[in-house]
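Taken in order, these protein sequences are the chains called S and H.
Heads up: the first sequence begins at 1 in my numbering, then just goes up one per residue.
Heads up: the second sequence begins at 1 in my numbering, then just goes up one per residue.
Beta carbons are placed, not taken as given, at the ideal position from N, Cα and C, and that holds for glycine.
This report refers to the structure that appears directly beneath it.
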Amino acid sequence: MSDSYISMRNLSFYRGERAIFKDLSLDLPRGKITAIMGPSGTGKTTLLRLIGGQLAPDAGEVRVAGRNLQSLSRTEMLTLRRERMGMLFQAGALFTDLSVFDNVAFPLRTHTKLPESMIRDLVLMKLEAVGLRGARDLMPAQLSGGMARRVALARSVAMDPELIMYDEPFAGLDPVSMGMIVKLIRGLNQALGLTSLLVSHDVQESCSIADYVCVLSGGKVIGFGTPQELKDSDNAEVRQFLRGEPDGPIPFHFPASDYAQDLLAGAN
Amino acid sequence: MWLFKQLQAFGQQGVRAMEAMGRAAFLLLHSLTWGGPGSATWRDLVKQIYSVGVLSLLIIVVAGFFVGMVLGLQGFTILSNFGSVSALGTLVSLTILRELGPVVTALLFAGRAGSALTAEISLMKATEQLSAMEMMGVDPLKRVITPRLWAGIISLPILTALFSLVGIFGGAFVAVDLVGVDTGAYWGNMQAAVQFYEDVVKGLIKSVVFGVVVTWIAVYQGYDSVPTSEGIGKATTQTVVISSLAILGLDFVLTALMFGGI
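Here it is, written out as structure tokens:
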């Protein structure tokens, strides 16, 4: 993969004593949908935050669009995000004091000097794309989970980013809403030529739209390739994850001391 | 071994406290100034002054009136022992302008507006609204914290002035209308004793300091909170507890510095 939009080199990140990533190197291709999958607690969302520059790695470097995030000042970082990145948060993260329309208009009003009539047109176009033009006057509290996520999606593409990151876009949705989100992610990627990054553990949905799948476990990349390649992988851990088996190379138990000893220790 | 562990724990607490102070200082320095990407507008400031200041008006005015009435009553019973009830106006006004006005207003403000600020900001953090702003290239310190910080700094001195005003009238209501102190004595002695700079301005200087400190603690506790329901509750409590202690402690320091004696 010569044309990578994001590249990470020898990345290490710790939470307290615990290493979330150790010496991780990963390249994510431009203009494709890459799904990052892995068991809960392997740091998938942390990875998105490292790419978005909201967290700084303890070692190694992250490059987005050729820029080394660690060398950027606070203002440069904000500019980079404004010009190139969009992110869809798990719960939508809509501003609860603004209506649907004002939420989508927020980045446009903040970052551009466009006249209000043009902002109105742009917002209505984005809302039409997610099918919620009719809901423009509602407040976020009046939306269902699926609708909130679609509004948030309209807001995150309002500034026409090059990269969009989805944090668990399928979690907690009913099948119909899930189908809508799948269609939207696919559609946006094709229509706008976005580089899309998807964090999820819904194997089926993710594999159905992703060009590449990256499986993380224990702070390492244990599999990277097209969905088909990974399904045929000879790595037992990757197969376990994609097939959803409860025990295997990915242990059922959180690391602990010996069980018998632990029980006996209470007797003393 | 045990001693070492205690020492280590103590040291860790110290380090953590220092780190927290560093973060709080960074937050204050960074959000006192306006400007930068996606910075807040004057309209945001006006909106915040409304929710922080205007909505606190009722509690401040009612509390001020009662504090003034109690002072009038207590002052009257004590002063009448010495046959000097004509000094009641002076007693009420100086007590309120120098001490009770700034301190009680700041305490009420911490409970009414400070806790609301903390809860609002920490809930914005828990629902990832602050992260979403960052990812849209908007600095949440400039957009969310700056207008709230300034709204507090502007509102508290005004609320204090109102509290003092209403308090003095509350005292007058009890003194003149209920217990029968001479109107001329109440107001005339007050006018002769109260000095604009010595009493009014120094009291307002206190309230400016309290405004900065209370709002700073409130926004910092919200911004630095653990984004869970337990964390939000804890942050809100911390705001009220720390601000109240800070107000009372600082009041002693400011009194010592401005009214002398030490």
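What are the start and end residues of the beta strand (DSSP E) that includes H/Arg-143? No beta strand (DSSP E) contains H/Arg-143, which DSSP labels as neither H nor E.
May I ask which residues mark the beginning and end of the alpha helix (DSSP H) holding H/Gly-14? 2-32
May I have the straight-line CA-CA distance separating S/Met-1 from H/Ala-218, to the nearest angstrom? At S/Met-1, the pLDDT of 45 sits below 50, so the modelled position is not reliable; the number obtained from the coordinates is stated separately. S/Met-1 and H/Ala-218: Cα-Cα distance of roughly 49 Å.
For H/Leu-245, which three-state DSSP category applies? helix
For S/Gly-101, decide whether its Cβ has a neighbour in chain H, counting only Cβ atoms nearer than 7 Å. According to the sequence provided, residue 101 of chain S is Phe. The question's Gly does not apply to it. Cβ-Cβ to chain H under 7 Å: no for S/Phe-101.
Between the C-alpha atoms of H/Ser-268 and H/Val-181, what's the straight-line distance to the nearest angstrom? For chain H, the structure presents residues 1 to 262; residue 268 of chain H sits outside this window and is missing.
At what residues does the alpha helix (DSSP H) containing S/Ser-196 begin and finish? No alpha helix (DSSP H) holds S/Ser-196; the beta strand (DSSP E) holding it covers 195-199.
Per-residue DSSP class, three states only, for S/Arg-109: helix
So with Cβ pairs under 7 Å, would you call H/Glu-120 a contact of chain S? no
Cutting at 8 Å between CB atoms, please list the residues of its own chain near H/Phe-66, excluding the five before and the five after it. Gly-170
Distance check for S/Arg-155 and H/Val-194, CA to CA, integer angstroms please. 58 Å
Would you call the segment 87-105 of chain H and the segment 140-147 of chain H touching, i.e. three or more CB-CB distances under 8 Å? no
Report the option in H/Arg-148, H/Ala-126, H/Gly-14, H/Ala-106 whose CA atom is closest to the CA atom of H/Ile-49. H/Arg-148
Residue ranges of each alpha helix (DSSP H) run of no fewer than 4 residues wholly in the segment 180-255 of chain H, ordered along the chain? 183-193, 202-223
Given H/Leu-123, which residues of its chain have a CB within under 7 Å of its CB, disregarding the five upstream and five downstream residues? Ile-232
When H/Gln-191, H/Val-214, H/Trp-34 are compared against H/Val-52, the one with the closest alpha-carbon: H/Val-214
Helix, strand or coil: how does DSSP classify S/Asn-189 here? helix
Any C-beta of chain H sitting closer than 7 Å to the C-beta of S/Met-1? With a pLDDT of 45 at S/Met-1, under the threshold of 50, the predicted position of this residue should be treated as unreliable, and no value is reported.
Do S/Asp-167 and S/Gln-228 have their C-beta atoms within less than 7 Å of each other? no
What are the boundary residues of the beta strand (DSSP E) that H/Asn-81 is part of? H/Asn-81 -> not in any beta strand (DSSP E); alpha helix (DSSP H) instead, spanning 57-81.
With 7 Å set as the bound, which would you pick, yes or no: does the beta-carbon of S/Met-147 sit closer than that to a beta-carbon of chain H? no
Hey, could you find the ends of the alpha helix (DSSP H) H/Leu-123 is sitting in? 115-126
Give the interface partners of S/Ala-93 over in chain H, defined as CB-CB distance under 8 Å, in chain order. Thr-127, Glu-128, Gln-129, Ser-131, Ala-132
With C-beta atoms as the reference, is S/Arg-176 less than 7 Å away from S/Leu-138? The sequence given here places Val at residue 176 of chain S; Arg does not occur at that position. Cβ atoms of S/Val-176 and S/Leu-138: not closer than 7 Å.
Delimiting residues of the beta strand (DSSP E) encompassing S/Thr-34: 33-37
Can you give me the start and stop residues for the alpha helix (DSSP H) that S/Glu-229 sits inside? 227-231
Taking just the CA atoms, how far does S/Gly-244 sit from S/Lys-126? 37 Å
With DSSP collapsed to three states, give me the class of S/Val-64. strand
The alpha helix (DSSP H) enclosing S/Ser-217, as first and last residue numbers: Counting along the chain, S/Ser-217 falls outside any alpha helix (DSSP H), though it belongs to the beta strand (DSSP E) covering 212-217.
Throw me the rounded Cβ distance for the S/Asp-262 and S/Ala-256 pair, which I believe falls under 8 Å. 7 Å
What are the residues that DSSP puts in a beta bridge with S/Pro-29? S/Ser-4
H/Leu-79 to H/Val-70 span [Cα, whole Å]: 14 Å
Helix, strand or coil at H/Gly-36 [DSSP, three-state]: coil
In terms of alpha-carbon separation, which member of S/Arg-18, S/Ile-119, S/Leu-26 lies closest to S/Leu-5? The sequence shown places Tyr at residue 5 of chain S, not Leu. Comparing Cα positions, the closest option is S/Leu-26.
Where the beta strand (DSSP E) through S/Leu-88 begins and ends: 85-88
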